[in-house]
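Below: one structure, written as structure tokens.
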Amino acid sequence: MAFDPNGATSSVAMYWDFENLHAGLVEAKYGENAYSKQDTRFKPQEPLIDVQALVELAASFGPVAVNRAYGNWQYFGRYRDALLQSAVELIQLFPPGPSAKNGADIKLCLDATEDIGRFGHIGTVIILGGDSDFMPVAQKIKAAGRMLIGVGNRKNTNKHWAKSCHEFRYYDSLVPLEPTAETEKRTDARDETQTPAQAAEDAADLLRRAVRLLSESKGEPWVNKANVLPMIKRLDPTFDFKEHGFASFSEMFKALDSVVEFRKGEADHQLRLR
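In the numbering used here, the protein residues as written are 4 to 277.
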């Protein structure tokens, strides 16, 4: 059963590589490699993940049928209330050695592959985690005709995994992080490499490419506005208009009126390249 892009009747399956997501937030707060230290990783963890925000994201794609989080729960007990209130099923994984990974990504991939084979009503799969190990399962999910949404921390998400999704959301954009010396330093560095003008030009370039491709496939210059954002997401799954300096997609269109022109269509506004 393929997902229906025009409806929300199909179900959502959400899989959390919990330690991966948590580790990224620890390092965002306390600095690079802060989580990998023995005296940090193998002790009770402070709750940093906004569980409710991620569950609400999943619900925006449809009713959540599968909601599983993978990790070594002896260290994440302080998340207990938030996870129980959000009806998250906890999958316990013990690492085979004191410095070994708990294998959450492997177990997660196996379960996701099995679930899309068993449950035809699952139309959208959400994977929370930034590992490149998720790339093979991304191909399986897309080949099965399901929509794949990825979520991960900006700093430790593999860019190839992010591009493997239909859509990728950075946790940092979904839930603003509390400012620390480390996050401010990284923000300043990012601002130095891309000015607001450059960010706007990047958005303009994506808009040009999307409209050109839609126009070529349709065989005429005018295309429906509603089709543009899905095409932009196909070109760049990590695209977020807010990161390009716009409060909304409509605001982005207005600001880039030098790139496209508009007219009223029968059921939707239409646009074409200038």
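C-beta atoms are modelled at their ideal positions from N, C-alpha and C, and glycine is treated no differently.
Nearest candidate by alpha-carbon position, reference valine 231, set Glu246, Thr241, Arg212, Lys162: As a working mapping, residue 231 is identified with position 228 in the sequence shown. Minimum Cα distance to valine 231 is reached at Arg212.
Between the C-alpha atoms of aspartate 134 and arginine 266, what's the straight-line distance to the nearest angstrom? Taking the first residue of the sequence shown as 1, we reach residue 134 at position 131. Taking the first residue of the sequence shown as 1, we reach residue 266 at position 263. If you take the alpha carbons of aspartate 134 and arginine 266, they lie about 43 angstroms apart.
Report the partner residues of leucine 93 according to the DSSP bridge assignment. On the sequence shown, position 90 is the one that residue 93 refers to. Partner(s): Ala72.
Which of helix, strand or coil DSSP assigns to alanine 147: Sequence index remark: in the sequence shown, residue 147 carries index 144 (1-based). Assigned with DSSP and collapsed to three states, alanine 147 falls in coil, not helix or strand.
Using a 10 Å radius around the Cβ and a threshold of 16 neighbouring Cβ atoms, would you call leucine 87 buried or exposed? Residue numbering aside, residue 87 sits at position 84 when the sequence shown is read from its first letter. Burial call: exposed.
Do leucine 151 and tyrosine 18 count as a contact pair if the criterion is CB distance below 7 angstroms? As a position in the sequence shown, residue 18 is number 15, starting the count at 1. As a position in the sequence shown, residue 151 is number 148, starting the count at 1. No, they are not a contact pair.
For the alpha helix (DSSP H) that contains glutamate 22, what are its first and last residues? Position 19 of the sequence shown, counting from 1, holds the residue named residue 22. First-last of the alpha helix (DSSP H) with glutamate 22: 21-33.
Anticipated Cβ contact below 8 angstroms, aspartate 84 with aspartate 108, distance rounded: Sequence index remark: in the sequence shown, residue 84 carries index 81 (1-based). Sequence index remark: in the sequence shown, residue 108 carries index 105 (1-based). Aspartate 84 to aspartate 108, Cβ: 26 angstroms. No contact.
DSSP state of asparagine 159 mapped onto helix, strand, coil: Here the question's residue 159 lines up with position 156 in the sequence shown. Reduced to three states, the DSSP call for asparagine 159 is coil.
As assigned by DSSP and simplified to three states, the class of phenylalanine 265: Position 262 of the sequence shown, counted from the start, is the residue given in the question as residue 265. Phenylalanine 265: strand per DSSP, three-state reduction.
What is the DSSP secondary structure of glutamine 55, counted as helix, strand or coil? In the sequence shown, the residue the question calls residue 55 occupies position 52. In this structure, glutamine 55 counts as helix in the three-state DSSP scheme.
Determine the direct distance from the alpha carbon of alanine 62 to that of alanine 1, and round the result to whole angstroms. What the structure shows of the chain is the stretch from 4 to 277, and residue 1 is not part of that stretch, so it cannot be assessed.
Tell me which same chain residues have a C-beta within less than 6 angstroms of the C-beta of alanine 207, skipping the five on either side of it? On the sequence shown, position 204 is the one that residue 207 refers to. So the qualifying residues of the chain are Leu259, Val262.
For alanine 56 versus valine 178, is the C-beta distance shorter than 7 angstroms? Position 53 of the sequence shown, counting from 1, holds the residue named residue 56. Position 175 of the sequence shown, counting from 1, holds the residue named residue 178. Their beta carbons are under 7 angstroms apart, which means alanine 56 touches valine 178 by this criterion.
Looking only at its own chain, which residues have a Cβ that is under 6 angstroms from the Cβ of aspartate 53, when we skip the five neighbours before and after it? Locating residue 53 in the sequence shown gives position 50, counting from the first residue. Non-local C-beta neighbours of aspartate 53 in its own chain, meaning closer than 6 angstroms and more than five positions away in sequence, comprise Val178, ordered along the chain.
Under 7 angstroms between C-beta atoms of phenylalanine 171 and proline 240: Residue 171 sits at position 168 when you count from the first residue of the sequence shown. Residue 240 sits at position 237 when you count from the first residue of the sequence shown. Cβ atoms of phenylalanine 171 and proline 240: closer than 7 angstroms.
Helix, strand or coil at serine 39 [DSSP, three-state]: The sequence position of residue 39 within the sequence shown is 36, counting from 1. Serine 39 falls in the coil class under three-state DSSP.
Go through its chain and collect everything with a Cβ distance to aspartate 91's Cβ below 6 angstroms, but skip five positions before and after it. Here the question's residue 91 lines up with position 88 in the sequence shown. Inspection of the sequence shows that residue 91 is occupied by valine rather than by aspartate. Correct list, in chain order: Asn70, Ala72.
Which of helix, strand or coil does DSSP assign to leucine 131? As a working mapping, residue 131 is identified with position 128 in the sequence shown. Note: leucine 131 maps to strand in three-state DSSP.
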